[in-house]
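Here the protein sequences line up with chains W and P, keeping their order.
Heads up: the first sequence begins at 1 in the numbering used here, then just goes up one per residue.
Heads up: the second sequence begins at 215 in the numbering used here, then just goes up one per residue.
Backbone N, C-alpha and C fix where the C-beta goes; we use that ideal spot for every residue, glycine too.
Here is the structure we will look at, set down as structure tokens.
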Amino acid sequence: MLVCVLCRPGFKRHISIGIYMLAAAVVNVIQYVCIERFGFASKEYYYSYYYAETLLTILMFFVIIQFYQHVFAQMKVSRYIRGIATLLLVGTAIFSYLLVHQNRTHLTHEFVVQVGENLYFVGVILTYLLWGAIVKLGETRTRLVHLVLALGVYFSANAGVYALRKLFPDLEPTVLHWLPPLIGTWLPLAWAYTLIKVPEEARFTMARLAVKAR
Amino acid sequence: MIAALIFVASVAAFFQFFILYCHSILATARTVPLSDRVREIAGVAGEGIVAADFERFFRLIHLCPERDDDRAEIQAVAVYYTLLHVFHRLVRPAIPKIASWVDQECRICSYFAAVALDRRIAYSQGVITQQSSESF
Numbered sequence: 001m002l003v004c005v006l007c008r009p010g011f012k013r014h015i016s017i018g019i020y021m022l023a024a025a026v027v028n029v030i031q032y033v034c035i036e037r038f039g040f041a042s043k044e045y046y047y048s049y050y051y052a053e054t055l056l057t058i059l060m061f062f063v064i065i066q067f068y069q070h071v072f073a074q075m076k077v078s079r080y081i082r083g084i085a086t087l088l089l090v091g092t093a094i095f096s097y098l099l100v101h102q103n104r105t106h107l108t109h110e111f112v113v114q115v116g117e118n119l120y121f122v123g124v125i126l127t128y129l130l131w132g133a134i135v136k137l138g139e140t141r142t143r144l145v146h147l148v149l150a151l152g153v154y155f156s157a158n159a160g161v162y163a164l165r166k167l168f169p170d171l172e173p174t175v176l177h178w179l180p181p182l183i184g185t186w187l188p189l190a191w192a193y194t195l196i197k198v199p200e201e202a203r204f205t206m207a208r209l210a211v212k213a214r
Numbered sequence: 215m216i217a218a219l220i221f222v223a224s225v226a227a228f229f230q231f232f233i234l235y236c237h238s239i240l241a242t243a244r245t246v247p248l249s250d251r252v253r254e255i256a257g258v259a260g261e262g263i264v265a266a267d268f269e270r271f272f273r274l275i276h277l278c279p280e281r282d283d284d285r286a287e288i289q290a291v292a293v294y295y296t297l298l299h300v301f302h303r304l305v306r307p308a309i310p311k312i313a314s315w316v317d318q319e320c321r322i323c324s325y326f327a328a329v330a331l332d333r334r335i336a337y338s339q340g341v342i343t344q345q346s347s348e349s350f
């Protein structure tokens, strides 16, 4: 994925994707080291997993901001987009903290999971709003549309799994245990496919998404 | 309560994004008209393509020499088609009206497969022509 971003002409346009994928690769190595050294059921692995996941999600917000900037490029509102995104991030952290404030005995344990769930859900909302802007502004860049839709699938699947984990904790060792790694492979595959197969100059109309067979 | 709300909203968003993503892949084939050749080979009647044609087209696609540039797309659409069938079986008892939507989606997949088959046949003919010209 990283090679796909760096080796393509005009890689600066997708530099945030490259940074995110690099960070994701580093996090995977750190998590592997944690499993090897402390074991899968250790506290060290638990905290490294959730905190790294949270940091990666925050990094992903910069990818979304870059997508917003691509979509609103002609309207010159980059400053406002950055401001709103920062406010949303800080707001999410405060909201997560307040939710677990009463449960002081397990504050760190609860906090990492809560903030993860909330960040993914904020990601869903941000991507949904971005998709709304794409439809409203009649965005025609096929590559951008593919990247945003793949991101929407990723965020909503993750937010759903986090919520399901909270609703049905008994499902964790059987079903839910396997879902995050599966979802994690979706984004690099979908984005790599888009960057390799969809040329930058490819265009299509939104009407084509409501396809009808002949 | 909040977790339940997040779950419902996330599942709704997931299905919407996933269906739109699949449509964005299928949309590439929409503007391509089917040639008479593929209509004849695949046995497409005058009425056009139906949902059930997908599996036949898919088998025919695998009989043709592979092209690297369409393999991922065909597999992605095959996954979407399979998921539609699974979804149909799960949801049909609760929502009978879902059948027409699933049928519509499957027809779109079938049309995509027909276009892919057309391209593969053209590619095969090109390879045969090239080989025969090289042998002379």
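Interface residues of chain W facing residue i [CB-CB closer than 7 Å]
i, result
"Y235(P)", "L149, A150, V153"
"F231(P)", "L149, G152, V153, S156"
Per-residue contacts from residue i into chain P (C-beta, under 7 Å)
i, result
"G160(W)", "F221, S224, V225, F228"
"A163(W)", "A217, I220, F221, S224"
"E117(W)", "I220"
Which of helix, strand or coil DSSP assigns to residue i
i, result
"R203(W)", "strand"
"R281(P)", "coil"
"R37(W)", "helix"
"K212(W)", "Because K212(W) carries a pLDDT of 49, less than 50, the predicted location of this residue cannot be relied on, and no value is offered for it."
"R141(W)", "strand"
"R306(P)", "coil"
"H146(W)", "helix"
"V113(W)", "helix"
"K76(W)", "coil"
"S346(P)", "helix"
"V258(P)", "coil"
"T185(W)", "helix"
"F168(W)", "coil"
Pick from the options that is closest to residue i, judged by C-alpha positions
i, options, result
"F155(W)", "Y46(W), V63(W), Y51(W), Y120(W)", "Y120(W)"
"G132(W)", "I216(P), F231(P), V222(P)", "F231(P)"
"C320(P)", "A217(P), L219(P), I263(P), V252(P)", "I263(P)"
"V3(W)", "G83(W), E172(W), P188(W)", "P188(W)"
"H234(P)", "Y49(W), T54(W), V135(W)", "Strictly speaking, residue 234(P) in this sequence is Leu, with His absent from that position. Comparing Cα positions, the closest option is V135(W)."
"A241(P)", "R273(P), E287(P), V258(P)", "E287(P)"
"A226(P)", "V153(W), Q31(W), E53(W), V148(W)", "V153(W)"
"P180(W)", "E117(W), H146(W), V29(W)", "E117(W)"
"C323(P)", "E269(P), I216(P), A256(P), V258(P)", "E269(P)"
"A327(P)", "T343(P), R253(P), S346(P), K311(P)", "R253(P)"
"H146(W)", "V115(W), A93(W), W191(W)", "W191(W)"
"A25(W)", "Y193(W), E200(W), G184(W)", "G184(W)"
"S16(W)", "L151(W), Q66(W), K197(W), F168(W)", "Q66(W)"
"F95(W)", "L164(W), V115(W), I196(W)", "V115(W)"
Beta-carbon separation (whole angstroms), residue i vs residue j, contact threshold 8 Å
i, j, result
"Q69(W)", "I58(W)", "Not quite, the Cβ-Cβ distance comes to about 17 Å (not below 8 Å), so this is no contact."
"V329(P)", "A243(P)", "4 Å"
"A85(W)", "R143(W)", "Rounded, the Cβ-Cβ distance is 22 Å, inconsistent with contact."
"V112(W)", "Y47(W)", "7 Å"
"I239(P)", "A290(P)", "6 Å"
"Q74(W)", "Y49(W)", "Not confirmed; about 41 Å, so no contact."
"L89(W)", "F61(W)", "6 Å"
"A217(P)", "K166(W)", "4 Å"
"V27(W)", "A52(W)", "4 Å"
"V122(W)", "T92(W)", "5 Å"
Chain-ordered neighbours of residue i on chain P, where CB pairs are closer than 8 Å
i, result
"K166(W)", "A217"
"F121(W)", "I220, A223, S224"
"V124(W)", "A223, S224, A227"
"Y128(W)", "A227"
Near the ligand SAH: residue i beta-carbon under 6 Å from a heavy atom
i, result
"L277(P)", "Judged by which ligands are present, the structure shown has none, so any question about the ligand SAH falls away."
Chain-ordered chain P contacts of residue i [CB-CB under 9 Å]
i, result
"H146(W)", "Y235, S238, I239"
Closer than 8 Å at the beta carbon, the chain W residues around residue i
i, result
"A286(P)", "Y193, K197"
Decide if the region 333–343 of chain P is in contact with the region 270–280 of chain P; the criterion is three or more beta carbon pairs, one per stretch, under 8 Å apart. yes
So, do the region 124–143 of chain W and the region 175–193 of chain W have three or more beta carbon pairs nearer to each other than 8 Å? no
Do the region 159–173 of chain W and the region 219–239 of chain P meet, that is, are 3 or more Cβ pairs less than 8 Å apart? yes
Does the region 293–301 of chain P come close enough to the region 245–255 of chain P to have 3 or more Cβ pairs within less than 8 Å? no
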